[in-house]
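Quick note on this note's numbering: the sequence shown kicks off at 28 and runs consecutively.
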Amino acid sequence: MNYRILLLAIGTFAIGMEGFMIAGLLPAIAKDFNISLSIAGQLVTVFSIAFAIGSPILTTTTASLDRRKVLFWSLLLFATGNILCGIATNYWIEMVFRVVTALGAGIFSPAATLTASKLVKPEMRGRAISIVVSGLTISLVLGVPLGIWIASLSSWRWTFWIVGGVSLIAALFIRLFFPTVPVTEQAISIMKRLLFLKRPSILSSLMITLTWSIGIYTVYTYISDIFGRVGATEQTIALMLFICGIGSFLGVTFGGYSADRFGAVKTMFFALTLLFIANTALSFFQTITLGIAAMALFGFSGFTFNPAQQHRLIGISKKDSGVVLSLHSSFIYLGSGLGSLFGGLELKYGSVTNLGLISGGSVLIAILFVWLSIRFMKKTAETHLSQ
28 MNYRILLLAI GTFAIGMEGF MIAGLLPAIA KDFNISLSIA GQLVTVFSIA
78 FAIGSPILTT TTASLDRRKV LFWSLLLFAT GNILCGIATN YWIEMVFRVV
128 TALGAGIFSP AATLTASKLV KPEMRGRAIS IVVSGLTISL VLGVPLGIWI
178 ASLSSWRWTF WIVGGVSLIA ALFIRLFFPT VPVTEQAISI MKRLLFLKRP
228 SILSSLMITL TWSIGIYTVY TYISDIFGRV GATEQTIALM LFICGIGSFL
278 GVTFGGYSAD RFGAVKTMFF ALTLLFIANT ALSFFQTITL GIAAMALFGF
328 SGFTFNPAQQ HRLIGISKKD SGVVLSLHSS FIYLGSGLGS LFGGLELKYG
378 SVTNLGLISG GSVLIAILFV WLSIRFMKKT AETHLSQ
């Protein structure tokens, strides 16, 4: 495999560490800023919405620039945002700096995935994407538990500073060792990007992304509360996230291989079915051991889905894959924001035990959209044949 793809994975590791660890830090942040957990959870919502809106706009703005410069400067912006998050003195300032980190991540993520897909042959595309995404899963295995453990020993602020440092290192590596990658796609305006949503096959595919993401983040954002009901300590939650990360790493590796070997659609059906089982179990487990088992399955199935979905999106969008991948990233973070919002509302007005059922329902809708997307693809193909 091309070594340059590993450099992209370092960047996604930094972004993944920041994005996933905050779920374990929310109780400490809420206590420090003297706010409720559901209010603290909106730091995830704001980040996600800023990413969802900013990613397509900034991807358009930087479309004609050298990929190495885009990857370098976006990670530098992300690093700056994290360092500032660590020095924020109140909730609202923290929220502003979360927007800064989101904008950096919103540029880097689709650029990294698309660049990786162009560095390899088509038959290796799924595995190349899975390596880039594996940066996220490795951050789950190592970065997130480490960040939560450090926060338990000192302060949650140190975890943001560590992420900022890792991001700076990743940016430096890309600046020094990454080659020039020619831009092969023309810049497309925001309005033209939105026109892609008029295509039934594209819109239904992105709705799969949205409902899958809601299913992930409705539970993940408030995982500390979900495990808190059975008496889990901070150390236990860190261990649980470590095991979840191992499952995620196995899942993203399997997802890329399975998409190449068995096809993206079959892989997506398989992953979403397992994710529904895992999410539902999170509403009913009564012991920490069973909860950890559910989270291992959650990590595996959730990350099996993503490389398969990206593989499929690149396949159906062809020369427009850069645009569609940026929309995919936006829909992931829109789903993250909605999931965090729905979960926060349920915590405030309902019960923590309902979060798994709500997220499971969202995954069922995702399965329905897979079926609808396949039907739209078949209708489009039949129309072309009849013309």
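Glycine included, each C-beta is placed from N, C-alpha and C at the ideal position. These figures come from a predicted structure and were not determined experimentally.
In the three-state reduction of the DSSP assignment, lysine 293 falls in the helix class, which pools H, G and I. Residue range 315–344 is occupied by the alpha helix (DSSP H) that includes glutamine 336. Going by DSSP, methionine 218 is part of the alpha helix (DSSP H) stretching over 217–222. The alpha helix (DSSP H) runs lying completely inside the segment 103–183 and spanning 4 residues or more are 118–145, 152–165, 171–180, given in chain order. Between leucine 85 and glycine 133, the CB-CB gap stays under 7 Å. Non-local beta-carbon contacts of threonine 238 in its own chain, meaning distances under 8 Å to residues more than five positions away in sequence, involve Gly362, Ser389, Val390, Ile392, Ala393, Phe396 in chain order. Proximity of the segment 347–364 to the segment 69–80 meets the contact definition, three or more beta-carbon pairs being nearer than 8 Å. By the Cβ criterion, the segment 37–57 is not in contact with the segment 227–238, since fewer than three pairs of Cβ atoms, one from each stretch, lie closer than 8 Å. DSSP, reduced to helix, strand and coil, places alanine 90 outside both helices and strands of the structure shown, so it counts as coil.
Taking the Cα positions, leucine 299 is about 37 Å away from leucine 111. Comparing alpha carbon positions, the residue from Ala321, Thr380, Leu354 closest to lysine 219 is Leu354. Taking the Cα positions, phenylalanine 124 is about 14 Å away from glycine 46. Contact annotation: leucine 399 and serine 231 have beta-carbon atoms nearer than 7 Å. Take arginine 152, set aside five residues on each side of it, and the residues of its chain with a beta-carbon closer than 6 Å to its own are Ser144, in chain order. Shown here for serine 157: same chain residues with a beta carbon closer than 7 Å to its own, the five before and five after excluded, namely Val279, Thr280, Gly282, Gly283, Pro334 in chain order.
Under the 10 Å beta carbon count, glycine 366 is surrounded by 16 or more other beta carbons and is classified as buried.
Boundaries for proline 206: no alpha helix (DSSP H) harbours it, and the DSSP string shows neither H nor E there. The residue among Ile264, Ala129, Thr245, Arg184 with its C-alpha nearest the C-alpha of phenylalanine 60 is Arg184.
Considering only Gln313, Gly255, Ser310, Leu324, the residue with the shortest C-alpha distance to phenylalanine 269 is Leu324. Tyrosine 247 and serine 386 have their C-alpha atoms spaced approximately 10 Å apart. Between the C-alpha atoms of glycine 81 and serine 179 there is a straight-line separation of about 33 Å. Around alanine 138, the same chain offers Thr86, Thr89, Arg94, Val97, Leu98, Ser101 as residues with beta carbons nearer than 8 Å, after the five sequence neighbours per side are excluded.
In the same chain as alanine 115, and ignoring 5 residues on each side of it, the C-beta atoms closer than 7 Å to its own belong to Glu121, Phe124, in chain order. A check of alpha carbon separations from cysteine 271 across Ala320, Ala286, Phe223, Gly290 identifies Ala320 as the nearest. By alpha-carbon distance to isoleucine 62, the top candidate from Tyr376, Arg256, Trp119 is Trp119. In this structure, DSSP gives glycine 258 a state outside helix and strand, which the three-state scheme calls coil. A Cβ-Cβ contact shorter than 7 Å links serine 136 with serine 356.
For the pair lysine 148 and phenylalanine 205, the Cα-to-Cα distance works out to about 19 Å.
Contact check for glycine 113 against phenylalanine 187 passes: the beta carbons are separated by less than 7 Å. Scanning its chain for C-beta atoms nearer than 6 Å, with the 5 sequence neighbours on each side dropped, one finds around threonine 380 the residues Ser310, in chain order. In this structure asparagine 109 touches valine 190 by the C-beta definition: roughly 5 Å separates them, less than 8 Å.
By the CB criterion at 7 Å, arginine 288 and leucine 146 fall outside the cutoff.
Selection Leu224, Val292, Gln313 evaluated against glycine 255 yields Gln313 as nearest (Cα-Cα). The criterion of a C-beta distance shorter than 7 Å is not satisfied by leucine 368 and threonine 128. Judged by their CB atoms, lysine 375 and serine 181 are not nearer to each other than the 7 Å cut-off.
Rounded to whole angstroms, the Cβ separation of phenylalanine 276 and leucine 302 is 16 Å, and the two are not in contact under 8 Å.
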